[in-house]
Amino acid sequence: MIRRSLFFVTLFLGLAVAVPIAIGAALSLSRGWAESWRTANWSSSHLLPDAAKVPEARVLILAARTGRWKSIFAEHLALVVKPEGATSWTRYDVVGWGNPVRRDAYAADAFWYGNRPYVAAQVSGPGAATLIPLIEQAIARYPHREAGSYVVWPGPNSNSFVAWVVRNTPGFDVELPPAAVGKDYLGPGLAVDRAPSGSGWTVSAAGVLGLTLALREGVELSLLGTTIGVDPDDLAVKLPSLGKLSLLDLR
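Each residue of the sequence shown is one higher than the one before, starting from 493 at the first, in this note's numbering.
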């Protein structure tokens with residue numbers, strides 16, 4: 493019985509962890525890596541339109557692969573907001589040097605280590621207009637904003653920051669991408685908080701081991717910061733390195 497259980501655990505880890513990471517590593521290597529952050533492209537990707545041509549309020553979460561070997565496993569999240577009638581976007585990131593929380597340190601839709609961003613979540617119109625001041629209040633309360641508080645793994649890191657703001661902004665209910673390593677860091681020890689979508693709950697042991705059960709996220713097992721899950725709502729599976737793979741994307 494024990495031998496059979498060990499066999500199935502090994503098979504599960506191989507199929508759900510080792511194989512996706514191997515595929516992710518091959519994809520990452522095929523894209524190529526910048527030699528260092530100094531030589532990487534941090535310019536605008538032109539993903540976002542001119543803010544002056546967007547009259548309504550917008551709230552966006554942008555995601556892009558991180559740099560070098562970390563790009564195999566993780567994406568970097570950034571918050572971008574634009575109040576109604578504003579003529580510029582405002583971007584918030586957390587970085588690993590100096591004071592972690594940065595405002596407009598990069599172009600709103602900047603490449604991250606040369607990797608093109610995409611819109612992971614967005615809210616537009618009156619809902620965004622209501623959220624923006626609440627988001628900025630939450631950013632001001634972020635508990636890991638002192639120099640030296642950033643921890644690349646398991647957190648608090650850049651993705652822990654965005655997830656914390658989402659969880660601590662009333663009405664900001666969005667599903668975060670599974671490759672955002674650190675999103676399930678809830679603090680040291682065992683902690684419970686609402687899932688970012690607001691449709692369930694996340695329990696986490698220092699960001700190393702965790703579980704999310706939610707209507708929108710589905711079932712997510714967080715293992716050493718990577719995510720393995722099933723999302724019936726989107727007919728998707730979530731795998732380490734590869735992120736969310738949905739049948740709906742094939743239409």
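We treat Cβ as the ideally placed atom computed from N, Cα and C, and that holds for glycine.
Quick one: residues in its chain with C-beta nearer than 6 Å to the C-beta of residue i, no 5 flanking neighbours on either side, listed in chain order?
i: A706; result: A687, S689, S691 and G692
i: P648; result: H636 and Y677
i: I513; result: P732 and S733
i: K675; result: N651, A655 and L668
i: A612; result: I553, A555 and P669
Alpha carbons only, please: which of the options is nearest the one belonging to residue i?
i: S537; options: A526, Y610, V546 and P592; result: Y610
i: V666; options: A510, W561, S535 and L571; result: L571
i: S520; options: W561, R708 and V722; result: W561
i: L539; options: S650, L554 and Y642; result: L554
i: S535; options: G559, V587 and A600; result: A600
i: L668; options: I494, L715, Q614 and A639; result: Q614
i: L701; options: T718, R708 and V711; result: T718
i: P541; options: A578, V684, A630 and D585; result: A578
i: G590; options: A510, V643, G516 and F603; result: V643
i: W529; options: F603, G617, I720 and A621; result: F603
i: A620; options: F565, P592 and V546; result: V546
i: W581; options: G588, S563 and E548; result: E548
i: A526; options: S563, A510, A544 and G516; result: S563
Got a sec? Which residues, its chain only, sit under 7 Å from residue i by beta carbon, not counting five neighbours each side?
i: A698; result: P646, P680 and G681
i: S738; result: D726, L727 and A728
i: E567; result: A555, A556, R557, T558, P669, A671 and A672
i: R659; result: D685, R686 and P688
Taking the beta strand (DSSP E) that residue i belongs to, which residues open and close that run?
i: L705; result: L701 to A706
i: A728; result: A728 to L731
i: R595; result: V593 to R595
i: S650; result: Here S650 belongs to no beta strand (DSSP E); instead the alpha helix (DSSP H) covers S650 to R659.
i: G619; result: Taken as a continuous stretch (DSSP letters only), G619 belongs to no beta strand (DSSP E), being part of the alpha helix (DSSP H) at P618 to R633.
Kindly identify the DSSP beta-bridge partner or partners of residue i.
i: A613; result: I553
i: E712; result: T704 and G721
i: G524; result: Bridge partners of G524: none, in fact.
i: L682; result: A697
i: D585; result: R594
Cutting at 8 Å between CB atoms, please list the residues of its own chain near residue i, excluding the five before and the five after it.
i: V627; result: Strictly speaking, residue 627 in this sequence is Ile, with Val absent from that position. Only V551, L571, V573, V657, T661 and F664 meet the Cβ criterion.
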